[in-house]
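Here is the structure we will look at, set down as structure tokens.
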Amino acid sequence: MSTSQVLTANRLTDGIAVWYDKAGNWNEWIGRSEVVHTKDDAERLEAIGKKAYANNEVLDVNLVEVEEIEGQIRPRRLRERIRAEGPTIEYMI
Amino acid sequence: MYRYDEFDHTFVNDRVAQFRDQVERRLAGDLAEDAFRPLRLMNGVYLQLHAYMLRVAIPYGTLNATQMRMLAHIARKYDRGYGHFTTRQNIQYNWPKLADTPDILADLASVEMHAIQTSGNCIRNVTADHFAGAAADEAADPRPYAEILRQWSSVHPEFTFLPRKFKIAVTGAKDDRAAIQVHDIGLHLKKNDKGELGFDVYVGGGQGRTPMIGKKIREFLPEEDLLSYTTAIMRVYNLYGRRDNKYKARIKILVHETGVEKLAAEIEAEFNELKNSELKLPDADIQAITSYFAPPDLLPRAEGWANLASWKKADPDFARWVDQNVKPHKHPDYGMVTISLKPIGGIPGDATDEQMELVADLAEEYAFDEIRISHEQNIIFPHVALADLEPLYRALKPANLATANSNLITDIIACPGLDYCALANARSIPVAQEISERFGSPERQAEIGELKIKISGCINACGHHHVGHIGLLGVEKKGAELYQITLGGSADNETSIGDIIGRGFEPEKVTDAIETVVDTYLGLRLSPQETFLEAYRRVGQQPFKTALYGGAAAEAA
Chain A
372 MSTSQVLTAN RLTDGIAVWY DKAGNWNEWI GRSEVVHTKD DAERLEAIGK KAYANNEVLD
432 VNLVEVEEIE GQIRPRRLRE RIRAEGPTIE YMI
Chain B
46 MYRYDEFDHT FVNDRVAQFR DQVERRLAGD LAEDAFRPLR LMNGVYLQLH AYMLRVAIPY
106 GTLNATQMRM LAHIARKYDR GYGHFTTRQN IQYNWPKLAD TPDILADLAS VEMHAIQTSG
166 NCIRNVTADH FAGAAADEAA DPRPYAEILR QWSSVHPEFT FLPRKFKIAV TGAKDDRAAI
226 QVHDIGLHLK KNDKGELGFD VYVGGGQGRT PMIGKKIREF LPEEDLLSYT TAIMRVYNLY
286 GRRDNKYKAR IKILVHETGV EKLAAEIEAE FNELKNSELK LPDADIQAIT SYFAPPDLLP
346 RAEGWANLAS WKKADPDFAR WVDQNVKPHK HPDYGMVTIS LKPIGGIPGD ATDEQMELVA
406 DLAEEYAFDE IRISHEQNII FPHVALADLE PLYRALKPAN LATANSNLIT DIIACPGLDY
466 CALANARSIP VAQEISERFG SPERQAEIGE LKIKISGCIN ACGHHHVGHI GLLGVEKKGA
526 ELYQITLGGS ADNETSIGDI IGRGFEPEKV TDAIETVVDT YLGLRLSPQE TFLEAYRRVG
586 QQPFKTALYG GAAAEAA
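For the protein sequence lines, the chains are A and B, in the order given. FYI, in our numbering the residues of the first sequence are 372 to 464. FYI, in our numbering the residues of the second sequence are 46 to 602.
As structure tokens, this is what we get:
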């Protein structure tokens, strides 16, 4: 497997989109995410996600594909980019 | 409007207490998500792209200033200072915390509001004509019947686990302004030659991935049979509606697969069992509910006529706003005002807490404390004296609430789309904003005339694109957004589903494509009085296909 992936979810308490970071925390900023490149590591993250769901920390847990560009983590799918960056509209013109 | 009695107050308060307990147990880990999810949905709490979303019911789109102030308070205290009014006359908040939702529901209950059954496989908010009780062309006010249906359907033990969501709309004017033919049940309230009230009943309308126009299965159902007949429909649907496939579970599929005659016969058989049961509506009960919807005491305000004429003469912008956004009222000294939530380049249907507070204040001052939300995502003041239109306009203008675009090309309906919604494939708000900016000139809008653009960010069609004169459906193709154009849809008495014109357009090409469609219409219309929809129905899709895709390409598209 050569795809890069991160683990993402929504926090139970407030529903805010979060990403699993290198320190083992659920972080509101994708930039600190643990990026995995192998099948084994992806499975490890998936297990972490399942445990966090079972522990009622998060819900809607998924691995999503990303690319790393000049040190920045960028989800491949537009949907996930919007999740990471917030609504694309300038609020209330 | 309807006022809660002691039973209603107890009911909503009990519901809040029940949900508070459920949320506490969920947060403590004593209730798993699989068990909690249907419970939170039945209280209007969704999980979206960025956060939870709370959908609050505004029964048949009617509320007063106190309630609007509470909606502003919720936006301010629990959210990010704004709310989104929807195509089902509800309001949505995009950022509530789960832990706060019981307090939000308690605040709502204090002003006789709730979020019950705004989601889930149950009967949803019953919607109605936003001009109900005021329109000059109305046979009768549909809202008492919407209220009867609301009470009947709330926590109905038999209909709490339907195959899928269920949507009912009621209209009482000759011209349907509630889109009843694209609802699961559509009710057209009418008067017969004897002056009696009854309903034409439509079943099996809907949008989404399989748009269908409702079939009329009953002509002039007497009003006393409203609940027994509706119960009969629901029982047949509950029994035979598909539960094996979420995408084939709506009643429209049942009508299509069974055949309307056969299904209507089943409904009639069930109705015959019910028609003399406790579901028969006594006239006294109908009158009791109707009394809540008595019109305000509209005093003669004849000075409005002369004032209006001179104000319009002095201010062309005001004149344009009156001509476009004020419709005839039953009382000649009054008008029905549309407060547009579609400022040029703005987010369709959104309002800030400050705007909501202002609307509340103005409703008390000029509109007999009565506010409506239309399914076209605008605010309505149904009763405003012509003599008060000018001061009302002056108060709305600085708050960006006086855009004179009702039913014009910039009065766009748009769902939240991929900027907010977990189901979406593409964004709808930026598309709406760009189209609005391109066509924002008042002169251009006046030249084009009535043209309803509706935009959905996915096949679920919450933006009602199937019934847009121009519809836009956002899809995801090879990882990028693409927008399919449909033409000729309409939700009026001659309801039609829009025709897919051809291959989709990239986001940066959509506005140009819309401009091509508009220019084509302007070039072929018989006169400025022929609307876009009339012209399209006369000439069909070919001229537009050719303009968009070229001659040979149009054949291939």
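The beta-carbon is built from N, C-alpha and C at its ideal position, and this holds for glycine as well.
Counting C-beta atoms within 10 angstroms of its own C-beta, E441 (chain A) has fewer than 16 neighbours from the protein chains shown and is therefore classed as exposed. Contact with chain A is found for R472 (chain B), since one of that chain's Cβ atoms lies less than 8 Å from the residue's Cβ.
Under a criterion of Cβ atoms nearer than 9 Å, no residue of chain A is adjacent to A359 (chain B); the nearest Cβ is some 29 Å distant. As DSSP reads the structure, W397 (chain A) sits in a beta bridge with A:Y391. Between the alpha carbons of Y127 (chain B) and I416 (chain B) lies a gap of roughly 18 Å.
No Cβ of chain B is located within less than 8 Å of the beta carbon of P446 (chain A). In this structure, P83 (chain B) lies near G165 (chain B), with their beta-carbon atoms less than 8 Å apart. Proximity of the region 433–444 of chain B to the region 453–470 of chain B falls short of the contact definition, fewer than three beta-carbon pairs being nearer than 8 Å. The beta carbons of D152 (chain B) and Y138 (chain B) sit about 12 Å from each other, so the pair does not count as a contact at 8 Å. Measuring C-alpha to C-alpha distances from V476 (chain B) to each of B:N423, B:K235, B:K554, B:H428 identifies B:K554 as the nearest. Taken through DSSP and simplified to helix, strand or coil, K239 (chain B) comes out as coil. Beta-bridge analysis with DSSP links Y379 (chain B) to B:A430. In the DSSP assignment, P267 (chain B) falls within the unbroken beta strand (DSSP E) covering 260–267. Under the 8 Å Cβ criterion, the region 386–406 of chain B counts as touching the region 111–119 of chain B, having at least three qualifying pairs. Against chain A, the CB of D537 (chain B) has no partner CB under 8 Å away; the residue lies outside that interface. Taking E269 (chain B) as the centre and dropping the five residues before and after it, the same chain places the C-beta of K325, L326 closer than 6 Å to its C-beta, in chain order.
D328 (chain B) sits exposed, since fewer than 16 C-beta atoms from the chains shown fall within 10 Å of its C-beta. The region 88–95 of chain B makes no contact with the region 358–377 of chain B, as fewer than three CB pairs between them are under 8 Å.
It is roughly 15 Å from the alpha-carbon of Q574 (chain B) to the alpha-carbon of R489 (chain B). Close to chain A, meaning a Cβ-Cβ distance shorter than 8 Å, are the following residues of the region 511–524 of chain B: E521, G524. Here V389 (chain A) is buried, its C-beta having at least 16 other C-beta atoms within 10 Å. Distance from the Cα of Y391 (chain A) is smallest, within the candidate group A:L383, A:Q443, A:V377, A:D385, for A:V377.
Its chain contains G402 as the residues whose beta carbon lies nearer than 8 Å to that of Q443 (chain A), once the 5 sequence neighbours on both sides are disregarded; these appear in chain order. Judged by DSSP in its simplified three-state form, G596 (chain B) adopts helix.
Listed along chain B are L92, each with a C-beta nearer than 7 Å to that of N381 (chain A). Interface annotation, N427 (chain A): in contact with chain B, CB-CB separation under 8 Å. Residues P588, F589, A592 of the same chain have their beta carbon placed closer than 6 Å to that of T565 (chain B), with the five preceding and five following residues left out of the count.
Burial is judged here by how many other beta carbons sit within 10 angstroms of a residue's own beta carbon; K499 (chain B) has at least 16 and is buried. Assigned with DSSP and collapsed to three states, R472 (chain B) falls in coil, not helix or strand. Remark: C-beta atoms of L407 (chain B) and A396 (chain B) do not approach each other more closely than 8 Å.
Within the DSSP secondary-structure output, P373 (chain B) pairs in a beta bridge with B:G380. With fewer than three CB-CB distances shorter than 8 Å, the region 412–426 of chain A does not count as touching the region 162–179 of chain B.
For R346 (chain B), the CB contacts under 6 Å within the same chain, skipping 5 residues up- and downstream, are D378, A430, A432 in chain order.
Put simply, the backbone Cα of I213 (chain B) is about 6 Å away from that of D229 (chain B). Identification of residues in the region 177–195 of chain B having a C-beta nearer than 8 Å to some C-beta of chain A yields an empty set. Distances from the CA of G595 (chain B) to each of B:L567, B:V584, B:G547 were compared; the closest alpha carbon is that of B:G547.
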